[in-house]
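Undergrad: Reminder that position 230 of the sequence shown reads as 970 in my numbering, one-by-one numbering, no gaps. Here a beta-carbon is modelled for each residue, glycine too, at the ideal position from N, C-alpha and C. None of the values given here were measured: they were computed from a predicted structure.
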Amino acid sequence: MFFRLMYHIVLPIYVVFVIFASISLDKTQNAFIMIGFGLLFIISIFLEKIYPRLFVFIAASEIISLLLFHFTSQLNWCYSIYIILLSKFLFQFKGAVKGIFLGFVFMVFYTVIRATYSPVNSYSIFGVGSDFLTSIAVVLIIQYIIEMETKKNTLIEEKKREELRHQEEKGKLIAEMAAGLAHEIRNPLTIIQGFLQHSKGANYNIEPWYDIIFSEVNRMNKLTVEFLQFSKPDVSQYQAYSIHECLKRVITLTQSETRRLGHQIVYTEDNPDLLVKMDFDKMVQVFVNLINNAIQSMVESGHITIRLFKVENLAVCEVCDTGAGIEDADLNKIFNPFFTTKSEGTGLGLPICQKIIQDHGGTIEVSSTPNYGSTFTISLPLDIDANHELDFAKD
């Protein structure tokens, strides 16, 4: 927009200004010829926009008409027209070497024409030197602008490609999830359908199969609820909370069941004052899910170790168990929707945990050794401002 304004409006106005100035100052020897070359130059400017395929011919016409206009006007003010025209060519012929060469050629043309009407003395020589340096500065500035614009466009294109890739991955994931949900719901529906057909021979009495049917309906409901939780956008309102207090709540909620099954929770923290912007209830949900998974993985009495510590600007929490562990082949799949190694699992628990952690700007990773146990590591960005305020309050 700025370039078009300069080239198609400012430049023609400046040519008209030079025409009036040359006539008023009685510089030109033939006003009609000067006006003719000025009009030819202006027409060439607009012809380039109309006939872009004739660029070479029109560019030559622009340069020749400018030289003749400068020669007939006999004004040094034509220098600005050279610079504007040079700027246009620099945007079309990118590259510092090409730019400096074009600048040199334009200044040679300008100097030769200027020498036809200006006396050769020290002042004019220094003036030519100043014009050369100015043209080089213009070339370098425009090359810098072009380089910055190119980088900007590259970043925009990369962002667009990344967004497109994200949308494609999201669409693929939704398709896989929909297929998985349909498969998971079809199984209980088939079971219910079978029992209803059996009930025909028993006067539609479903009492013998009521518990099974009710259980399958509950399973479908659980699947639907978890699927909606996984797929809906994050609308949480985050506030600064202590991750230590969150873990204490989790331990309180799970301690009873853990002890009942003969297991033990061991909690250690290096720094209890780690504040994280979070949805407190959702974060509790994540850790409760991990501890429940740990409980289910341990057949005999075992230990669940929870460690909280700080790494740079991250609050890191490890949840370790002494359970059956995860096979290497399954490690890359456990966060996939509907993947489960449990007979009664939905396969949405860990994907939901991962989504919640990602919504908080964090990461969740897993390492495991079959028959020895698994370790889930959650890293969450600290609320720097809230932690600074807490440190200041202590001081």
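State yes or no: is the C-beta of Leu830 within less than 7 Å of the C-beta of Ile783?
TA: As a position in the sequence shown, residue 830 is number 90, starting the count at 1. As a position in the sequence shown, residue 783 is number 43, starting the count at 1. Against a cut-off of 7 Å, the Cβ pair of Ile783 and Leu830 comes out as no contact.
Undergrad: Tell me where the alpha helix (DSSP H) around Glu985 begins and ends.
TA: Numbered from 1 along the sequence shown, position 245 holds the residue referred to as residue 985. From DSSP, the alpha helix (DSSP H) with Glu985 extends over 983-1000.
Undergrad: Any idea which residues DSSP pairs Gln1004 with across the strands?
TA: On the sequence shown, position 264 is the one that residue 1004 refers to. Per DSSP, His1043.
Undergrad: Indicate whether Thr1103 and Ser1114 have their beta-carbon atoms separated by less than 7 Å.
TA: As a first step, residue 1103 must be located in the sequence shown, where it is residue number 363. As a first step, residue 1114 must be located in the sequence shown, where it is residue number 374. Against a cut-off of 7 Å, the Cβ pair of Ser1114 and Thr1103 comes out as no contact.
Undergrad: Roughly how many whole angstroms lie between the Cα atoms of Gly1089 and Leu745?
TA: Residue 1089 sits at position 349 when you count from the first residue of the sequence shown. Residue 745 sits at position 5 when you count from the first residue of the sequence shown. Gly1089 and Leu745: Cα-Cα distance of roughly 59 Å.
Undergrad: Can you tell me whether Lys1017 is buried or exposed, with buried defined as 16 or more other CB within 10 angstroms of its CB?
TA: Here the question's residue 1017 lines up with position 277 in the sequence shown. By the 10 Å Cβ count, Lys1017 comes out buried.
Undergrad: So, under 8 Å CB-CB, Ile804 and Glu788 are touching, yes? Tell me the CB distance rounded to an integer number of Å.
TA: The sequence position of residue 804 within the sequence shown is 64, counting from 1. The sequence position of residue 788 within the sequence shown is 48, counting from 1. With 8 Å as the limit, Ile804 and Glu788 do not qualify as a contact, their Cβ atoms being about 14 Å apart.
Undergrad: Pull the bridge partners of Ile1104 from the DSSP assignment, please.
TA: Translated into the one-based positions of the sequence shown, residue 1104 becomes position 364. Paired residue(s): Ile1118.
Undergrad: Can you tell me whether His810 is buried or exposed, with buried defined as 16 or more other CB within 10 angstroms of its CB?
TA: The sequence position of residue 810 within the sequence shown is 70, counting from 1. The residue is buried, with at least 16 neighbouring Cβ atoms inside 10 Å.
Undergrad: If we ignore side chains and look at the alpha-carbon of each, how far apart do Arg959 and Leu968 end up?
TA: Numbered from 1 along the sequence shown, position 219 holds the residue referred to as residue 959. Numbered from 1 along the sequence shown, position 228 holds the residue referred to as residue 968. Computed Cα separation, rounded: 14 Å.
Undergrad: What would DSSP say about Phe1132, mapped onto helix, strand or coil?
TA: Residue 1132 sits at position 392 when you count from the first residue of the sequence shown. Here Phe1132 scores only 47 on pLDDT, less than 50, and its place in the model is too uncertain to base an answer on.
Undergrad: Whole angstroms is fine: what's the gap from Ile1035's alpha carbon to Pro1012's?
TA: Reading the sequence shown from its first residue, position 295 is the one you call residue 1035. Reading the sequence shown from its first residue, position 272 is the one you call residue 1012. The straight-line gap from Cα to Cα measures roughly 25 Å.
Undergrad: Ordered along the chain, which non-local residues of its own chain (more than five positions away) have a Cβ less than 7 Å from that of Gly1042?
TA: Numbered from 1 along the sequence shown, position 302 holds the residue referred to as residue 1042. Contacts found: His1003, Asp1061, Thr1062, Gly1063.
Undergrad: Between the Cα of Thr851 and those of Gln814, Val837, Ala918, Gly839, spot the shortest distance and give me the residue it belongs to.
TA: On the sequence shown, residue 851 is found 111 positions in, with the first residue counted as 1. Ranking Gln814, Val837, Ala918, Gly839 by Cα distance to Thr851 puts Gln814 first.
Undergrad: At what residues does the alpha helix (DSSP H) containing Lys789 begin and finish?
TA: As a working mapping, residue 789 is identified with position 49 in the sequence shown. Its alpha helix (DSSP H) spans residues 771-790.
Undergrad: Can you tell me whether DSSP reads Glu898 as helix, strand or coil?
TA: As a working mapping, residue 898 is identified with position 158 in the sequence shown. Reduced to three states, the DSSP call for Glu898 is helix.
Undergrad: In three-state terms, what does DSSP make of Met1018?
TA: Position 278 of the sequence shown, counted from the start, is the residue given in the question as residue 1018. DSSP places Met1018 in strand when its eight states are reduced to three.
Undergrad: I need the boundaries of the alpha helix (DSSP H) containing Cys1093, first residue and last residue.
TA: Locating residue 1093 in the sequence shown gives position 353, counting from the first residue. From DSSP, the alpha helix (DSSP H) with Cys1093 extends over 1089-1099.
Undergrad: For the alpha helix (DSSP H) holding Leu1054, just list the boundary residues, first then last.
TA: Taking the sequence shown and counting its residues from 1, one reaches residue 1054 at position 314. Run containing Leu1054: none in the alpha helix (DSSP H); it sits in the beta strand (DSSP E), 1054-1061.
Undergrad: Would Phe786 be called buried (16 or more neighbouring beta carbons within 10 Å of its own) or exposed?
TA: As a working mapping, residue 786 is identified with position 46 in the sequence shown. Under this definition Phe786 is an exposed residue.
Undergrad: At the level of alpha carbons, what is the spacing between Asn816 and Phe795?
TA: The sequence position of residue 816 within the sequence shown is 76, counting from 1. The sequence position of residue 795 within the sequence shown is 55, counting from 1. For Asn816 and Phe795, the distance between alpha carbons rounds to 27 Å.
Undergrad: Keeping to the same chain, check which residues put their C-beta closer than 7 Å to that of His1100; ignore five residues upstream and five downstream.
TA: Here residue 1100 is taken as the residue at index 360 of the sequence shown, counted from 1. Result list for His1100: Met1018, Leu1120, in chain order.
Undergrad: Beta-carbon within less than 6 Å of Phe1132's beta-carbon, same chain only, minus the 5 sequence neighbours each way: which residues are those?
TA: Residue mapping note: residue 1132 aligns to position 392 of the sequence shown, counting from 1. Its pLDDT being 47, under 50, Phe1132 is placed unreliably in this model, and the coordinates cannot settle the point.
Undergrad: My guess is that Ile759 and Ile775 are in contact by the Cβ rule of under 8 Å, so how many angstroms apart are they, rounded?
TA: The residue you call residue 759 lines up with position 19 of the sequence shown. The residue you call residue 775 lines up with position 35 of the sequence shown. The pair is a contact, with the Cβ atoms about 6 Å apart (cut-off 8 Å).
Undergrad: Which two residues bound the contiguous alpha helix (DSSP H) that contains Phe1079?
TA: Here residue 1079 is taken as the residue at index 339 of the sequence shown, counted from 1. Here Phe1079 belongs to no alpha helix (DSSP H), and DSSP marks it neither H nor E.
Undergrad: Tell me, to the nearest whole angstrom, how far the beta carbon of Ser820 is from that of Tyr754; I am working on the premise that it is less than 8 Å.
TA: By one-based count along the sequence shown, residue 820 stands at place 80. By one-based count along the sequence shown, residue 754 stands at place 14. Rounded, the Cβ-Cβ distance is 6 Å, consistent with contact.
Undergrad: Distance check for Asp766 and Val896, CA to CA, integer angstroms please.
TA: Your numbering for residue 896 matches position 156 in the sequence shown. Your numbering for residue 766 matches position 26 in the sequence shown. Residue 896 is actually Ile in this sequence, not Val. Cα to Cα, Ile896 sits roughly 53 Å from Asp766.
Undergrad: Measure how close the beta-carbons of Phe849 and Ser875 come, nearest whole angstrom, since I'm counting them as under 8 Å.
TA: Position 109 of the sequence shown, counting from 1, holds the residue named residue 849. Position 135 of the sequence shown, counting from 1, holds the residue named residue 875. Not a contact, Cβ separation roughly 11 Å.
Undergrad: For Asn1029, collect the residues of the same chain with a Cβ closer than 8 Å to its Cβ; drop the 5 residues on either side in sequence, then sort them by chain order.
TA: Your numbering for residue 1029 matches position 289 in the sequence shown. Gly1089, Leu1090, Ile1092, Cys1093, listed in sequence order.
Undergrad: Return the CA-CA distance between Leu780 and Ser827, expressed in angstroms with no decimal places.
TA: Numbered from 1 along the sequence shown, position 40 holds the residue referred to as residue 780. Numbered from 1 along the sequence shown, position 87 holds the residue referred to as residue 827. Going from the Cα of Leu780 to the Cα of Ser827 covers about 20 Å.
Undergrad: Quick check: the Cα distance between Gly869 and Ile853, rounded to an integer number of angstroms?
TA: Position 129 of the sequence shown, counted from the start, is the residue given in the question as residue 869. Position 113 of the sequence shown, counted from the start, is the residue given in the question as residue 853. Looking at the two C-alpha atoms, the distance is approximately 15 Å.
Undergrad: Is the beta carbon of Val1056 closer than 7 Å to that of Phe1049?
TA: For the purposes of this step, residue 1049 is taken as residue 309 along the sequence shown, with counting starting at 1. For the purposes of this step, residue 1056 is taken as residue 316 along the sequence shown, with counting starting at 1. Yes.
Undergrad: Excluding the five sequence neighbours on either side, which residues of its own chain have a C-beta within less than 6 Å of the C-beta of Phe954, listed in chain order?
TA: Here residue 954 refers to the residue found at position 214 of the sequence shown. Answer for Phe954: no residue qualifies.
Undergrad: Using the three-state DSSP reduction, which class does Lys767 fall into: helix, strand or coil?
TA: Translated into the one-based positions of the sequence shown, residue 767 becomes position 27. Here Lys767 sits in coil by DSSP.
Undergrad: By Cβ distance below 6 Å, which residues in the same chain neighbour Ile773 in space, the five residues on each side in sequence not counted?
TA: Within the sequence shown, residue 773 is the residue found at index 33, counting from 1. For Ile773, where only same-chain residues beyond five positions count, the Cβ hits under 6 Å are Thr812.
Undergrad: Does the beta-carbon of Phe757 have 16 or more other beta-carbons within 10 angstroms, so that it is buried, or is it exposed?
TA: Counted from its first residue, the sequence shown places residue 757 at position 17. Burial call: exposed.
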